[in-house]
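Novice: Numbering-wise, this note's numbering puts 810 at position 684 of the first sequence, and it's gapless, one number per residue. Yeah, the Cβ is synthetic: ideal placement off N, Cα and C, and Gly gets one too. Quantities reported herein were computed from a predicted structural model and do not represent experimental measurements.
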Amino acid sequence: MINFNEIEAKWQKAWTDAKIFESEVSDSKSFMVFGAFPYTNGLLHVGHFKSYVTPEILARYKRMRGFNVLFPMGFHATGTPILGVVKKLKSRDRETVEEFTNKYHIPEQEFQKFEDPLYLANYFVGKFEESYKKFGLSLDFRRRFVTIEPIFSKFIEWQFGKLKENGYLIQGKHPVGWCFNENNAVGMDDILHGIAPEIEDQIAIKFKVDGEDAYVLCATYRPETLPGLTNIFIKENATYALCKINGSKEGYYISRAAAEILKHQMKIEVVKDVDYKDMLNKVCISPIDGRKVPVLPGFFVKENIGTGIVMSVPAHAPFDYAALERLKQNGIKVPEPIKIIDVEIGSKLGNANSAQSKPVHIDIPALAYLEILNKDFNSAEDDLELATKLAYKEESHYGKMTAKGYEGMSEPEAREKIGKLLEEQGNAIKIYVLQNAPLFCRCGTEVVINLVDNQWFINYGDENWKKAAREELSEMLVLPGKSAKAVQDAVDWLNLRAVARSQGLGTRFPYDKNYMIESLSDSTIYPAFYTIVNLIRDTEPDRLKPEFFDYVFLAKGNIDDVSKVTGISYETIKKCKESFEYWYTTTTNCTAPEHIFSHIPMYLFNHCAIFDKKYWAKGLGINGMLLMEGEKMSKSLGNVVPIEEAISKYGVDPIRMNMAASSELYSDANFSVAAINGIQERLSYIQDAILNVDTLDANELKQIDYWLYSKLNKKIRDATPFMDIMETRDAYMQIFYNSILELKHYLARGGKNGIVVKDYLSAVSLMLQPIAPHCAEEFWHALGNTTFAAKEKWPEANEQMINEKVEKQEDMLDAIIGDAKQAIALMERKSGKKVKEIKIIIAENWKRDINNMLATEKNAGKVYEKIKESNELDKQAAADYVRRLSKKLNEVKEVNLTQEDEITILDEAKEYLQKSIGCKIVIESESTSKSERAKRSMPMKPSLDAIF
RNA sequence: GCAGGGGUGGCAGAGUUUGGCCAAAUGCGGCGGGCUUAGGACCCGUUUCCUUUGUGGAUGCGAGAGUUCAAAUCUCUCCCCCUGCACCA
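#1: Measure the C-alpha to C-alpha separation of V342 and T356 and round it to an integer number of angstroms.
#2: Could you give the residue range of the alpha helix (DSSP H) that holds S689?
#3: Could you round the C-beta distance between M783 and L752 to whole angstroms and report it? I think they count as a contact, below 8 Å.
#4: With I968 and I1049 assumed to form a contact (beta carbons below 8 Å), what rounded beta-carbon distance in angstroms separates them?
#5: Counting pairs of Cβ atoms below 8 Å between the segment 767-774 and the segment 166-177, do you hit three or more?
#6: Is it right to say T252 is buried, meaning 16 or more other beta carbons lie within 10 angstroms of its own, or is it exposed?
#7: Since G745 sits in a beta bridge, which residues does DSSP pair it with?
#8: State yes or no: is the C-beta of R875 within less than 8 Å of the C-beta of I943?
#9: Can you round the beta-carbon distance between Y641 and A624 to whole angstroms, since I take them to be within the 8 Å contact cut?
#10: So, with DSSP's three-state summary, where would you put P207?
#11: Assign M314 to buried or exposed, taking buried as 16 or more other Cβ atoms, counted over all protein chains shown, within 10 Å of its Cβ.
#12: Are G192 and S156 touching if we call contact CB-CB under 8 Å?
#13: From the DSSP secondary-structure annotation, give me the bridge partner or partners of A367.
#14: Can you list the beta strand (DSSP E) stretches of 3 or more residues lying completely in the segment 918-971, in chain order?
#15: State buried or exposed for A135, treating a residue as buried only when at least 16 other CB atoms are found within 10 Å of its CB.
#16: Per DSSP, K332 is paired with what?
#17: Find the nearest neighbour of T1024 within the set P207, K931 and Y1038, judged by alpha-carbon distance.
#18: Leaving out five residues on either side along the sequence, give the residues of the same chain with a beta carbon under 6 Å from the beta carbon of S480.
#19: DSSP state of I1043, grouped into three classes?
#20: Which runs of the beta strand (DSSP E) at least 3 residues long sit entirely within the segment 232-280? Give them in chain order.
#21: Compute the Euclidean distance between the alpha carbons of D820 and G910, then round it to the nearest angstrom.
#22: From the DSSP output, read off the bridge partner residues of K418.
#23: What does DSSP give as the partner residues of L631 in its beta bridges?
#24: Roughly how far, in whole angstroms, is the beta-carbon of G262 from the beta-carbon of V778, given that I think they are within contact range, below 8 Å?
#25: Following the continuous beta strand (DSSP E) through M754, name the residue where it begins and the one where it ends.
#26: Does the separation of the CB atoms of I317 and C569 fall below 8 Å?
#27: If you follow the beta strand (DSSP E) that N803 is part of, which residue opens it and which one closes it?
#28: Whole angstroms is fine: what's the gap from F250's alpha carbon to S152's?
#29: Going by DSSP in three states, P538 sits in which element: helix, strand or coil?
#30: Would you identify the three-state DSSP class for A1035, choosing helix, strand or coil?
#31: Using only the alpha-carbon positions, how far apart do S689 and H174 sit?
#32: With H, G and I counted as helix, E and B as strand and the rest as coil, what does DSSP make of H725?
#33: Use the C-beta contact count for P423: other C-beta atoms within 10 angstroms, 16 or more gives buried, fewer gives exposed.
#34: Can you name the residues that DSSP bridges to C305?
#35: Flag this pair as touching only if the segment 544-564 and the segment 324-342 have three or more C-beta atom pairs under 8 Å; answer yes or no.
#36: Is it the case that the segment 366-379 contacts the segment 390-401, given that we only count it when at least three CB pairs across the two stretches are under 8 Å?
If you want it as structure tokens, here you go:
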């Protein structure tokens, strides 16, 4: 078995010493590829490497194809996660302490240092780099940077200056989950149990109160049901309030609790509290038809959701219907439902939605949906909820409006029309609701929605900008092709992006220093920074003025002025510009599917907003994640394997091969110890084969030698296109797994030509280089070479050496062996006697003619005609034969071997056949054979007769 | 709800663009056998059902319907699963 760790250390040192991955501007064609930023709030595990394997293979492959390759990496540390870790560490959170001690091996006395977020980030960055080196990645480490470095911040400030200049930074209101105790925006990480706030916008409709200069506000998702309004519901025993909203003259009735929640979205001034009993005495007027409706108590109304008041549409809302029926039962006079949507109740729901009974009251859909479920107005709230869902689903998908003015419209159409109408008339207010309320901040305070004023946005909705991004995408190569559609949709979908954050690490927002730049927005054009970071590493950050970046990235201004203004040397500025312009014309971004609706469109938009078209994004590779033995990796499952541990246990190359060969580009790969063991053994098999090459001789080439050359060249020809589109799995099926099988077949067939085997192994070793670089170097050198495999050329296929005829002949042999074994087993089982000999009976040449006729004509009739005309053929036998073949006409292939050819081939391979089949072999022709089975023989498929 | 991806044999996963050579590649697992002191190594066979000295038959690729001489593949309807939806990176 190969000692993987030993050869890893050896070759990693050799590559580093030779500096072969440090890329400089040169005359060769450039190629730049990079993987997604890893996030630095913990240690690397094997999963992190999956996303770097694809760009790594591409980088190594492209070098072999003659490109000058830049493969850099940087680290992401902006945003809140690192602060989160620090916070937990400070409070000595048990889990975090455990992680630091047991997993990261950091002694407790050092914890204090890690309470500084920068220290923590840098510590892990250092660890990451060590791991990357141990993984043998062909990265140019001189270009490493972290997104919280001052020089990077200068770059980001420049970027935002450009966005501002172009008018892409705008300000506006933005709803966000908020904790008023800490006075902070809260996201998933800040909320108890890690739940993300779900914010939805609703419309609050104003209902004039008869005889008062005041309105009742009802929040609703379905304004289109307004024509079906019969009354207003409030909650019994709740306190209501008369308010002025945004300094209005008129008053608004909402619940006291709602006033508390909504005051962060609008200015609310409570004039007086109102008892619910007073509310019940009011009469409200519908804004669209002027109908007067009563206010009634609804058992299901929640005072702290929406406005604490809802409109009632009993014909279509099961809750409303149930509430009215319950009131009726208590002798209260209630209005009759008004049906406004026509729908075939239950027709589209299918069995899965547990529709059980036929509805009777189809004139009241709300009741009908309860009937379907065998429920009624007294049923539990869960059942009413289910009926509501069914009603909503079917009515909005298949229903047609019957209400006057909206006849025939679908519900969504009507919703939009009525919503727009109400807003235009000033009869509705937009409000935001926390869909999954109540949520609590980790500090214990309830989370509410705060409508933040003057939030900064990047306006990705800008039509001209979007047009440019679409153009950029259309000219970009997206791999795999099937993900292109999703990227397209993401570009179309991206709209306003809130870009200023109240907390987190990173770069301060240049136009309001109280805020930080949001952490995805500072990682969009970062790859451009790779092209210069090694040149400005020691530059004073303050010197990196906009003029410098303008000149380097946009060729604005002249070098002498820039040098004077910034104090950066002429030489450095010149080199930076050259480097950017050289590398940035071909970039391939390898990233994960989860970035399709976030990072990827932003990456595209920012490139076309800032750079000249020449430097827009060129390539995108979307690669899947890593599963652990078929399961998702997660802390809770305890199946996260630290990378160092994996490397020392299994070796780098087997891990890399497992990652690259166990899945296609887009799908998740599976880390599997069984698969890794298989890889280790196969690599060792190749090594053994290489060490044994010298024991072989170098005689004249035989059929099996041509066969191996044919397989090799076909392999090169077929695997190369897969490498070009990053389908490493398909490529390495051929390069790796099939090579083992071919070598084994070659040796079993008696192949023993040292030169042939060496040619074969040399090419295979080189093709293994991108994926298993350490083994490839080892093999390459063991084969007597002194150059680096990493610097060699990718093998070229020699089409002349591809020999279909020889391959078919070998296939024939294997088929014969298989058939013979099967026949022997069968016969022995049946007769109880041992088979002594197998007769292989070769078909006559006239059968070949018929095969060829059928293969070209694909029509049995025509062939019968020809047989009739023929003088040479035995007409009866020929017709029988055609009949047999015609059953599977499509399988009949042209035959290019004569009977004599076949006999010669089988004779040559007789020894192999005898050994494989395990008994004596006799070869005879159909016409001379005395066997009954002789006439069953077919070209390339001889008849077999077992002799006892 | 909206958007994207998907549903294939015990499992994983090809095949779908361009319908036929597809009982369906490949890998894993199971079973049987060989090699062996032994084997988790390797080799051979088998792994829907029936039948069997076969270029045999039936059923079959989420469900249903349709187009066709012919459907995993095309059309329509339905069901289900995964992912994302913005102070998360």
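Specialist: Let me lay it out:
#1: 15 Å
#2: I685 to T692
#3: Between L752 and M783 the Cβ distance is about 13 Å, and since that is not below 8 Å, they are no contact.
#4: 7 Å
#5: yes
#6: The sequence given here has Gly at residue 252, not Thr. With fewer than 16 other Cβ atoms within 10 Å, it is exposed.
#7: L603 and T714
#8: no
#9: Incorrect: roughly 10 Å between the Cβ atoms, too far for contact.
#10: helix
#11: exposed
#12: no
#13: I380 and D399
#14: 963-968
#15: exposed
#16: L343
#17: K931
#18: The predicted position of S480 is uncertain, since its pLDDT is 42 and thus under 50; a value taken from the coordinates is nonetheless stated next. Excluding sequence neighbours, S480 sits near nothing in its chain.
#19: helix
#20: none
#21: 11 Å
#22: I411
#23: G205
#24: 5 Å
#25: L752 to M754
#26: no
#27: No beta strand (DSSP E) holds N803; the alpha helix (DSSP H) holding it covers V799 to L817.
#28: 34 Å
#29: helix
#30: coil
#31: 41 Å
#32: helix
#33: buried
#34: N310
#35: yes
#36: yes
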